[in-house]
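*Asks:*
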């Protein structure tokens, strides 16, 4: 009889099955940050609102530590400000702040678009096209349209192949999303959607001048409709 002298590897050392995806469970910090972020984006927590760490901790049944970590995360996104000895407040932006943020965003978007034109694949373009067709069917700006709009722009960021640039653009997007949502009815969905299609066609053809001009107009049109009081708004 032949004995098998091979050493069995413990389960933890065995390779995962091909195609198996790692399961990610959000941490308490992630859950709290997501809940606060959504309340800020929806306007439930306006600019200047005070955030009480103890109240948030009690509401989520956690200690102060994950709440502090969540607030630090939101601070990096520009949604809250942490003041020593004063506490935490939802960020208030002035019109000048918004114009600065959008100008930075246009520069980053144009850098991204230039990369996409050089390396985008037919499969990526087709994915963007499917998203735009779904947006066409909605015919009006609502929560679904806004989510698809984010999906379309995220697809562009990913197609550039620069993860750090994509992260910067997503952070910029979150920072001003609450103001865009608050003035959604004034932004002209039809015009924005036409610009989306023009941008997609320009990327597909490799038409850099048209693509760069379109993305600039896309965001500058938004700034023009988002007039805030001199003292800012929530």
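Residue numbers (UniProt numbering): 1 to 234. Note that the Cβ used here is the ideal one computed from N, Cα and C, for glycine as well.
1. Pick out the complete alpha helix (DSSP H) segments inside the region 149-214, 4 residues or longer, and give them in chain order.
2. Can you list the beta strand (DSSP E) stretches of 3 or more residues lying completely in the region 90-150, in chain order?
3. Nearest by alpha-carbon distance to residue 212: which of 81, 109 and 148 is it?
4. Can you give me the Cβ contacts of residue 214 inside the same chain, cut-off strictly under 8 Å, excluding the 5 residues immediately before and after it?
5. Do residue 80 and residue 67 have their CB atoms nearer than 8 Å?
6. Within the continuous beta strand (DSSP E) that includes residue 67, where are the two ends?
7. Given a cut-off of 8 Å, decide if residue 93 and residue 33 are closer than it, judged by their beta-carbon atoms.
8. Using only the alpha-carbon positions, how far apart do residue 221 and residue 70 sit?
9. Quick one, which of 112, 130 and 149 has its alpha-carbon nearest residue 180's?
10. Determine the contact status of residue 155 and residue 127, defining contact as a CB-CB distance below 8 Å.
11. Can you give me the start and stop residues for the beta strand (DSSP E) that residue 83 sits inside?
12. For residue 37, which three-state DSSP category applies?
13. Return the CA-CA distance between residue 51 and residue 178, expressed in angstroms with no decimal places.
14. Leaving aside the five residues before and after residue 210 along the sequence, list all residues of the same chain whose C-beta is less than 6 Å from its C-beta, in chain order.
15. In angstroms with no decimal places, state the Cα-to-Cα distance between residue 124 and residue 45.
16. Rounded to whole angstroms, what's the CA-CA distance from residue 98 to residue 77? Just pull it up for me.
17. When DSSP labels each residue in this structure, what does residue 50 get in the three-state scheme?
18. Between the C-alpha atoms of residue 48 and residue 63, what's the straight-line distance to the nearest angstrom?
19. Beta carbon of residue 172, beta carbon of residue 104: below 8 Å?
20. Can you list, in chain order, the residues of its chain whose CB lies under 6 Å from that of residue 218, leaving out five sequence neighbours each side?
*Replies:* For this structure:
1. 163-182 and 189-205
2. none
3. 109
4. 195, 198, 199 and 202
5. no
6. No beta strand (DSSP E) holds residue 67; the alpha helix (DSSP H) holding it covers 64-76.
7. no
8. 33 Å
9. 149
10. yes
11. 80-83
12. helix
13. 17 Å
14. 202
15. 36 Å
16. 14 Å
17. strand
18. 24 Å
19. yes
20. 195
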